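Input: a single structure, listed below in structure tokens.
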Amino acid sequence: MDKENFSLPEEQFGDISEKISSRMKLSVSKEDFLAMVKKNVDLDRELKPQKRFKETVDKLSQQSKQISTRVRFRDVGTVHHIGNGVATVSGLPNVSIDEIVVFPTGVEGMALNLDKKRVDLIMLGSENDIRGGDLVQATGNRLKVPVGSQLLGRIIDPLGNPLDTDEPIEASEYRYLSRIAPGVIKRAPVNESMFTGTKIIDTLFPIGRGQRELILGDRQTGKTTLAVDAIISQKDSDVRCIYVAIGQKKSSTLAIIETLKKHDALSYTSFVISGPDDQPALRYLAPYTGMTMAEFFLDQGLDVLIIFDDLSKHADSYRELSLLLRRPPGREAYPGDIFYIHSRLLERACKLNEENKGGSITALPIATTQNGNLSDYIPTNLISITDGQLMLDADLFNQGQKPAVDIGRSVSRVGGAAQRQAVRKLVGNLKLELSQYEEVEHFTRFGTEVDQATRQQIEKGKRILNILKQKPNQPLTFPLTVVLLFGLTNGYLYDIPLPLLDAYQDELKNYFHARESKLLNDIDREGALTDEITKDLERALTDFNEEWVEKKGAAS
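Going by this note's numbering, the first residue of the sequence shown is number 1, and it counts up by one from there.
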């Protein structure tokens, strides 16, 4: 391109050429470069640092002076095998029995077998996503569960996690599941009544506060109903209740909770639930969680009623765990310490003396029999541990005698010491008369002729059994029980036809609630048959019988 084609003047063209030439220089001398850098550094030093930056530097400097280095050692192990609620792990050299270990997924396990080369763990949660080769870490802690009055009305699992709502458990404290039972010196005799509201129990087999009374029977004979009625009967007392469901169907457990809710019993009852689909470890731990919760109230000097429903399934869960842990099986494949796991549980139920605040734990364990066989392994173990048993008979149940308590095979080893004076005085020879009735009644089945005295004895026995019948979930109060027993033992009920006895009892209860509330309060307060109460009972029953006869006469 020719120079003449540019329209710029000659002078401007020269200036531009000079500038382009100066920018094309690619290097400077060493001295000029160092002088330029020094100048820039001096300018940077003259700038004042920001205040926040200075504070941050000072804070980090102070914290760095407090840092101390240390080495931490942790017990770890490697998963070799996992399945069916049990894991086998190598390593963990310092782990102890019942110690909690943590898997990579956050699920916990509990050490139950310690061998030289391996440790067997029971899983306390889901075993999903845990594989062989995963590392487990020991925590050095044993399992603790929440306890406190805040758990009344709540439903939890054996680990203390809420099942009813998403609200967290507000516990007074956390306690270990295992605890040595109170010694003999700390205990007091069982002499205070635990009223169950079931007539046949409160009259013939009374239960005291601090007693352990086993409820035995085949499936579907009303065992749980007796326990639920006992909880409902504590509504106006100072007794706290704990219901432990071990391997029960969730629909059955929900029905029990709804029944107690209907009778306003949730406010003083806690629930520990372990379903049949839970890990066997949870079913194994459930009764110990319930007993630990009960011991909190015991230490406060309060009275507690705890239901274990049922310990046969608990024994089955422990047998399942023991076989998976390769423990030697014994009778019926149960491990050798099956007696111990139940005795260390039920021995914690007791009544303490006044020096130890005088609280009590009353335990009603439930066990299932096969065809009414009392000589099964688990039932005989529990009978030898407890202070008596209530044997429910399937034949009596099918005949309509409910509660189907077998009088001949049931016993309360505390007996009259746990009865209030009014009932103890009225019962007298009632149990003996019923036993004699059952004996002579067998003869009449074969058409044997009997004399007049024996016929009267049979008639009286039938009347007593009818009076002792009771509908489920309708417990009777102590004063009304005294009224019925007084009428029975003093002949006020002998003229009532057997088919009308149920209607008679219902109207009698309504009559006394409506017109004799003062008398009922006096009976409840005194607990004994004073002369005044006796006269009032005679008057009230006479008046009621006259009204009853007139009403039935008019109706006929």
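We put the beta carbon where it would ideally sit given N, CA and C, even for glycine. Bear in mind that the values here come from a model prediction, so they are computed numbers and not experimental data.
Assumed close pair residue i, residue j - CB separation to whole angstroms, cut-off 8 Å
i, j, result
"residue 172", "residue 296", "7 Å"
"residue 397", "residue 527", "Not quite, the Cβ-Cβ distance comes to about 33 Å (not below 8 Å), so this is no contact."
"residue 132", "residue 79", "5 Å"
"residue 244", "residue 308", "5 Å"
"residue 215", "residue 364", "6 Å"
"residue 98", "residue 110", "6 Å"
"residue 157", "residue 273", "6 Å"
"residue 467", "residue 480", "Contact flag wrong, Cβ pair sits at about 12 Å."
"residue 303", "residue 238", "6 Å"
"residue 367", "residue 311", "5 Å"
"residue 315", "residue 340", "The pair is not a contact, with the Cβ atoms about 12 Å apart (cut-off 8 Å)."
In DSSP terms, what residue i is bridged to
i, result
"residue 137", "76 and 102"
"residue 144", "176"
"residue 108", "102"
"residue 187", "352"
"residue 309", "245"
"residue 363", "212 and 306"
"residue 217", "368 and 392"
"residue 81", "88"
"residue 412", "388"
"residue 113", "120"
"residue 405", "392"
"residue 162", "156"
"residue 329", "335"
"residue 193", "208"
Same chain, Cβ closer than 6 Å to residue i, five either side skipped, listed in chain order
i, result
"residue 288", "177"
"residue 92", "75, 77, 119 and 138"
"residue 472", "225"
"residue 204", "431"
"residue 170", "150"
"residue 427", "203"
"residue 125", "107"
"residue 262", "none"
"residue 360", "209, 210, 303 and 351"
"residue 113", "120 and 325"
"residue 406", "391 and 393"
N-terminal and C-terminal residue of the alpha helix (DSSP H) that residue i is part of
i, result
"residue 396", "394-398"
"residue 430", "430-444"
"residue 227", "223-232"
"residue 88", "Element bounds for residue 88: not the alpha helix (DSSP H) but the beta strand (DSSP E), 86-91."
"residue 344", "338-346"
"residue 203", "199-204"
"residue 426", "421-427"
Same chain only: Cβ atoms within 7 Å of residue i, ignoring 5 sequence neighbours per side
i, result
"residue 276", "247 and 249"
"residue 144", "174, 175 and 176"
"residue 268", "152, 234, 240 and 241"
"residue 198", "226, 229, 403, 470 and 475"
"residue 208", "190, 191, 192, 193, 194, 414, 417 and 418"
"residue 280", "85, 317, 320 and 321"
"residue 422", "482, 523, 527, 528 and 529"
"residue 492", "541 and 545"
"residue 376", "369 and 370"
"residue 34", "none"
"residue 219", "368"
Residue i: first and last residue of the uninterrupted beta strand (DSSP E) it sits in
i, result
"residue 67", "Careful: residue 67 lies outside any beta strand (DSSP E) and carries neither H nor E."
"residue 122", "119-123"
Contacts around residue i, its chain only, beta-carbon distance under 8 Å, and the 5 residues preceding and following it disregarded
i, result
"residue 251", "none"
"residue 188", "210, 351, 352, 353, 354 and 358"
"residue 543", "none"
"residue 556", "With a pLDDT of 49 at residue 556, under the threshold of 50, the modelled position of that residue is not reliable, and the figure given next carries that caveat. Same-chain partners within the cutoff: there are none."
"residue 464", "430, 433, 434, 437 and 488"
"residue 516", "536 and 540"
"residue 374", "216, 380, 383, 391 and 409"
"residue 148", "170, 171, 172, 173 and 296"
Within-8 Å CB hit, residue i to chain C
i, result
"residue 194", "Here chain C cannot be found, since the structure has a single protein chain."
At 4 residues or longer, and completely inside the region 239-280: list those alpha helix (DSSP H) runs for me, N to C. You should have 250-262.
Runs of alpha helix (DSSP H) lying entirely within the region 456-540, each at least 4 residues, in chain order: Here the runs fully enclosed are 478-489, 501-515 and 517-526.
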